[in-house]
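Residue numbers (this note's numbering), protein chains in the order written: chain Y, 1 to 345; chain W, 346 to 690.
Heads up: the structure comes next, in structure tokens.
Number of protein chains: 2
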Amino acid sequence: MPKATIDDVANLAGVSMKTVSRVVNKEPNVRESTRIKVEEAIARLNYRPNQSARNLASQRTRLIGLIYDDPSAYEIPSAGYVINMQQGTLRACRKAHYELLIHPCNYRNNNLGEELSELIEQARPAGIVLAAPLSNMPKVVKAIESTKTPLVCLSPGKADSQRLSVATNDREICAEMTRYLASLGHKRIAFITGHPSHKAVANRYLGYLDGLRQSGLKFSERLVLNGDNSFDSGVICSEKLLKRKRAPTAIFAANDDMAVAAIRVADQLGIDVPGQLSIAGFDDISLARQIFPTLTTIRQPLSRMSEQAATLLINERNDKVVAANSVTIPASLQIRDSTGPARDQ
Amino acid sequence: MPKATIDDVANLAGVSMKTVSRVVNKEPNVRESTRIKVEEAIARLNYRPNQSARNLASQRTRLIGLIYDDPSAYEIPSAGYVINMQQGTLRACRKAHYELLIHPCNYRNNNLGEELSELIEQARPAGIVLAAPLSNMPKVVKAIESTKTPLVCLSPGKADSQRLSVATNDREICAEMTRYLASLGHKRIAFITGHPSHKAVANRYLGYLDGLRQSGLKFSERLVLNGDNSFDSGVICSEKLLKRKRAPTAIFAANDDMAVAAIRVADQLGIDVPGQLSIAGFDDISLARQIFPTLTTIRQPLSRMSEQAATLLINERNDKVVAANSVTIPASLQIRDSTGPARDQ
DNA sequence: ACGTGTTCAGACAGCGCTGTCAAACCAAGG
DNA sequence: CCTTGGTTTGACAGCGCTGTCTGAACACGT
């Protein structure tokens, strides 16, 4: 039997096509008895609306595009990050019967703007979730905005911007981590910064400063080194820090890759972690639980962030007005074995 | 300016709508001079065909569905596996201007059949790539086949089946690994099997047997223990093996999670790897390169497999006849630090 | 000149749904 | 009874393309 169409349902239920459409789309103003008749017909014929026809007639798709920088394209194994985002976005999509289109790409690609506008004009998704670091690249954001497709960025938005964004409280949680380290008795807490272009990562440094202040510790420029999010930069910075005569007793790195590098360096230098040195990171990559000692870090609620982002997109057209144009979802400390009380000095 | 339609292009080029359609779809029988005229008009108007309209008119979509069991739904951190599959499928999709729809799901869900047929009838993808272990579940495969959507399974197909499948040479490569271990002088090579429902994993055991035979080693039932692919089962099996008086000098596990467990157990028992014990796995998960010692294992060409699968799907309708209905893409040994010469005994 | 076969181009009818608008219906009040 | 205003339903015209079919143009042999 060929697939049932809306006409078949209308005939069987003895109503017009349009009424069936109303029932399917849960539009108001359908008498209860009519609705039931239609629903029975739908069930009997196992009718499923043809998505392509709906898309064409309604001039919009039920697709959410998730655009992110593809880490494995150049050897950063943070697959968990991607999977988490996908899962969050998918949760939101499924609730609303939307589908998810994924589009990993390379942030170093010069034609990225063109690539994305082509994608968008082809597939015409109802909305785009754009992950960091792409969401910090004006070129990319502008290319997407020029297509008039609703966009939500997964990164801290500027307060003045009309752009919707979902972020986590990088700054506050980093202050919390710093206070936690201070509460363990650490006085010399070093910080390894991340890549400067990454806005969220910059906030982490500000949080570190806040935390020091709140704990009554004095800031020392010498304790701050600039990394670039890579494992290798973590190695370089940690070596500099730990080979000093007055080495820090704690290192807080702006991401886990660099924190793991610090653990590795400490191991090579024969420094006990956490006995002589506490190390904390940010991201909670899967490796954080697999290395020895397991890494104290901060878990971004990436999955809930992306879910929220997709939900914003989907609700946008329902006129459920978005109060703020920037939503924050709090991160949480994951205390593990790489941090401990400061040794008496 | 409102988006250009095919009519606009036709008018500008001074041809009919249909001719534009021919150019866009690269159909034959268009005079070169006409084609150029049309292409100029397309470029001038920045025309992009409306996918929804094409889908409706042509009764097919340009979507490939990738359906897989979502490991993180129940705590197996093999995100890399998923990412690899996605990347391969995406490569194939991009070449053909298809889009990828991902659908992670839980193989333990009882309504999976229903869930998938609903998905398929809604989104109407042009084809489905189904990953193991779902591709080994008759219920799931039947549910998908009943929708008449072209399907390619990512797992060894039965020779007699009409079903298309793409697989790797599990058996041959495991024989090779076994021979490699034997060539290092190992006489007592243990094998930890995987979950029995996973067809590819069963083949790994057969490969082990082949390898023993080819190396002139005698098979001993005592050296084979049954795991279930989980880290924990790897721990249990390894402990049994290593606490014996005549412990094996090499352990070959049917997947990396179990092999990593073996390394952990050896470490706890004070057994040096690879000095006293060689350990090999299968999968080449990212952890394999991160643990100490790095794990000798087998890399599945998952990304190329899924690319091939999607390509088969996309070409199917182009009548590029598929010669065999089962394609094999060879895996490769990744020799690292967890294997070494057998100690003199 | 004519037929015959082949290549190229256009007319037209949908694909299956939704948006718009108008008609029918209904309850309440005069 | 009729009006009024709200609720419920249906007719109809597309949405922007592709598939089918028919016609025009052209090449070639007779």
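In this text, a Cβ means the ideal position worked out from N, Cα and C, and glycines have one as well.
- At a cut-off of 8 Å, the C-beta of T5/Y has no neighbouring C-beta in chain W.
- Sequence-distant partners of R44/Y (beyond 5 residues in either direction) whose C-beta falls short of 8 Å from its own C-beta, in its chain, are L12.
- A distance below 7 Å between beta-carbons, with the five flanking residues on each side excluded, links R31/Y to no residue of its chain.
- Within the segment 375-409 of chain W, those residues whose Cβ lies closer than 7 Å to any Cβ of chain Y are, in chain order, R393, Q396, S397, A398, N400, L401, T406.
- Less than 8 Å separates the beta-carbon of L640/W from that of R681/W.
- Against chain Y, the CB of V474/W has no partner CB under 8 Å away; the residue lies outside that interface.
- In the three-state reduction of the DSSP assignment, S378/W falls in the helix class, which pools H, G and I.
- Not flagged as an interface residue toward chain W: Q268/Y, since no C-beta distance is shorter than 8 Å.
- R124/Y sits buried, since 16 or more C-beta atoms from the chains shown fall within 10 Å of its C-beta.
- Three or more beta-carbon pairs separated by less than 8 Å are not found between the segment 438-447 of chain W and the segment 380-389 of chain W, which leaves the two stretches without contact.
- Annotated three-state conformation of I428/W is helix, per DSSP.
- In its chain, beyond the 5 residues on either side, G65, I128, I144, T147, T149 have a beta carbon closer than 8 Å to the beta carbon of I120/Y.
- Sequence-ordered contacts of the segment 626-654 of chain W with chain Y read S631, L632, Q635 [C-beta pairs closer than 7 Å].
- Of A262/Y, T249/Y, A10/Y, the smallest CA-CA separation from G340/Y is found for T249/Y.
- The Cβ atoms of L217/Y and F191/Y lie no closer than 8 Å to each other.
- Per DSSP, the beta-bridge partners of P104/Y are Y68/Y.
- Between the C-alpha atoms of R94/Y and Q467/W there is a straight-line separation of about 12 Å.
- Counting along the chain, S155/Y sits inside no beta strand (DSSP E), nor does DSSP assign it H or E at all.
- Under the Cβ criterion (8 Å, minimum of three pairs), the segment 182-196 of chain Y counts as touching the segment 249-258 of chain Y.
- Between I412/W and A476/W, the gap from beta carbon to beta carbon is short of 8 Å.
- Residue environment for R244/Y: exposed (fewer than 16 other C-beta atoms within 10 angstroms of its C-beta).
- P495/W has a beta carbon lying at 8 Å or more from every beta carbon in chain Y.
- Interface annotation, I192/Y: not in contact with chain W, CB-CB separation never under 8 Å.
- With respect to chain Y, the C-beta atom of Q507/W has no partner C-beta closer than 8 Å.
- Checking the DSSP bridge columns, you'll see E99/Y partnered with L63/Y.
- Residue range 677-679 is occupied by the beta strand (DSSP E) that includes Q679/W, with no alpha helix (DSSP H) assigned at that position.
- The way I'd put it, the segment 228-237 of chain Y doesn't touch the segment 169-187 of chain Y; fewer than three beta-carbon pairs between them come closer than 8 Å.
- Note on geometry: alpha-carbon atoms of A262/Y and G552/W lie some 42 Å from one another.
- If only uninterrupted alpha helix (DSSP H) runs of at least 4 residues are considered, those enclosed by the segment 108-162 of chain Y are 112-123, 138-145.
- Beta bridge pairing from DSSP links F597/W with F536/W, A625/W.
- Here S332/Y is exposed: its Cβ has fewer than 16 other Cβ atoms, across all protein chains shown, within 10 Å.
- If you look at I351/W, you'll find it in the alpha helix (DSSP H) that goes 351-358.
- Note on Q308/Y: 16 or more other CB atoms within 10 angstroms of its CB, so buried under the neighbour-count rule.
- For E444/W, the chain Y residues whose C-beta falls within less than 7 Å of its own C-beta are L101, A123, listed in chain order.
- Neighbours of V82/Y in chain W, taken as residues whose beta carbon is under 7 Å from its own, are I428 in chain order.
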